[in-house]
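Residues 9 to 224 (the numbering used here) make up the sequence shown, in order.
Glycine is no exception: its CB is placed at the ideal position from the N, C-alpha and C atoms.
As the structure is a computational prediction, the values presented were derived from the model and not from experiment.
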Amino acid sequence: MDINVFVSKEMRENTLVVPLTETDVFVVDPAADFDLNGKNPVAVVLTHGHFDHVAKLSAFCKQNSAVPVLIHEADAKYLGKNAAEAQSKILDDCGATGLASEFRQLPEATAFLSEGQILSEAIHTESQSVQNALSHWLVIHTPGHSAGSICLMNQTEHILISGDTLFYCGYGRTDFFDGNYNDMLGSLRRLYSLPDDTIVYPGHDLTGFALGENKY
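See below:
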């Protein structure tokens, strides 16, 4: 599977454009400027709601208002009309006080993702080929970095989109207001129970490494 990765200059967040068919894709974490190359986006999936992973969400949704936005319900506080309050807490923890106003116009979530769900249950299109492709993607709830962090696992091709739960030689911060170190340890144990040949696409920095080679 040829996942296109677009990296932001600011914090090296990865925005992923994930192919479903020759003409259809879904977008993960619109943080960087990205190019759909003429493909049809069927959804935006957020691995979590932190400001650095939704920086381009409003602009994208203004141009693609019919595209659904999906997130775990525990991170829905980072979106919508009250987003600035939650985002300000994360920004303060990152030493970026005063930038929360930039996130007052974030769209509301269209639907919520939950543990054990497959994307074809949450994203509905008229194309059976798109629905079939979505059915390979499993939602794994991985709290720790945030209460509603998720990963996506393609069970057929052994591809893991890990957000800020798992990085190359590391894992996401747990010192934010809704982070939890013990939850992170549990989430990492779950991920490391996946096959060693699973190819990992994290939310920052290096992508495309094998899970079994990522020891730290």
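Asked                                                                                                            : Found
F184 vs D101 beta-carbon contact at 8 Å                                                                          : yes
Nonlocal neighbours in the same chain, by C-beta distance under 8 Å from K47, ignoring five residues either side : V25, P27, T31, D32 and V33
Identity of the residues DSSP links to A141 by a beta bridge                                                     : DSSP output for A141 lists no bridge partner at all.
Bridge-paired residues (DSSP) for V208                                                                           : L168 and F217
Same chain only: Cβ atoms within 6 Å of N162, ignoring 5 sequence neighbours per side                            : H144 and W145
Same chain, Cβ closer than 6 Å to A82, five either side skipped, listed in chain order                           : A155 and G156
Residue interval of the beta strand (DSSP E) (run including F14)                                                 : N12 to V15
Own chain residues within Cβ distance below 7 Å of L44, not counting five before or after                        : V25 and V33
Which of helix, strand or coil DSSP assigns to A63                                                               : coil
Contacting residues, own chain, Cβ-Cβ under 7 Å from P49 (five flanking each side not counted)                   : V33, F34, V35, N72 and V75
Backbone CA spacing between Y86 and N22 [nearest angstrom]                                                       : 19 Å
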